[in-house]
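In the working numbering, the protein residues as written are 7 to 354.
Each remark here refers to the structure printed beneath this line.
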């Protein structure tokens, strides 16, 4: 892609998200979401592969449906209340429609079916943008309108997402689909605690972005898209294999890695709010996700591919890819747990 065109598209992505962040008016927020969608569509379709075009079409249709629902809900709310302000979502029908549309935008269950299919058709860098940056604007709107939404609806969305994300990833062999289901499960964790402690949602979002970035950049560096490709990484880059296994365990939420922090704090908050059954279901759903992360770790570190040369130091080509973003995101994805008190203090 032409670098000037790429620069314009990436700037538009940033502009759309910033516009949504800064807005308290529904029309302005809707405009930011639309700019965001239209900016990523050319990035998704840039390879002109039938799978990429199919994924782009599916993504565009789901996002356009969600945007139309947001516009309709905000117009209904403005018609009844007389103002377009986000903080005045007093009409229950409009607020339910808005949360449904925003859940469709970020891929919360049961509106998650587009996410694995779309991610599977994209290259890894565009998939990274879709899994991290594209979640920010809709999540900002969900956080702003959370107090007007029925708590039972948010809890249901959160529980369904963690369960769907766990169950869906169990029988997958494609790494992009596994990461898509991982994303759905993490969104569920963020939404479930939103009504009680929004700062924990932000902490969970931050750790999710770093862990997912580390996972996607690792797969990009090793050009892996299927589980059986992972078994061949160790002979080319043993250090990367070790850190990747740890990043996947961090995504699963095992201590003493960064991914344990948001899960621990969220379960603690749910217990404080006298919701032991919800907390138990969330913890059990996390075990489902942990199973497929462990499956990836097993394939990568404990199995030897029949295609691999079993020499001690196989021939390795020098990579031309920049490794700084990967190193940075991996370090953050593995080592932030001791800083939990400081992060909590900054967040509150």
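Don't be surprised by glycine CBs; every beta carbon is placed ideally from N, CA and C.
Predicted model only: the values in this text are computed from it and were never measured.
Excluding sequence positions up to five before and after residue 277, its CB lies within less than 8 Å of the CB of 285, all in the same chain and listed in chain order. Rounded to whole angstroms, the separation of the alpha carbons of residue 223 and residue 328 is 10 Å. DSSP places residue 55 in the coil class of the three-state scheme, outside both helix and strand. The alpha-carbon of residue 218 is positioned some 13 Å away from that of residue 249.
Beta-bridge analysis with DSSP links residue 91 to 31. Contact between the segment 232 to 244 and the segment 291 to 300 is not established, with fewer than three Cβ pairs separated by less than 8 Å. The Cβ-Cβ distance between residue 143 and residue 62 does not fall below 7 Å. Counted as a single uninterrupted DSSP element, the alpha helix (DSSP H) harbouring residue 278 occupies residues 266 to 278.
For residue 242, the uninterrupted alpha helix (DSSP H) run begins and ends at 239 to 242, by DSSP. Residue pairing by DSSP places residue 180 opposite 232 in a beta bridge. Close CB contacts of residue 45 within its chain, under the 7 Å cut and outside five residues either way in sequence, are with 15, 18, 19, 22 (chain order). Between residue 255 and the set 124, 26, 220, 272, the nearest pair of CA atoms involves 220.
Going by beta carbons, residue 199 and residue 339 fall outside the 7 Å limit.
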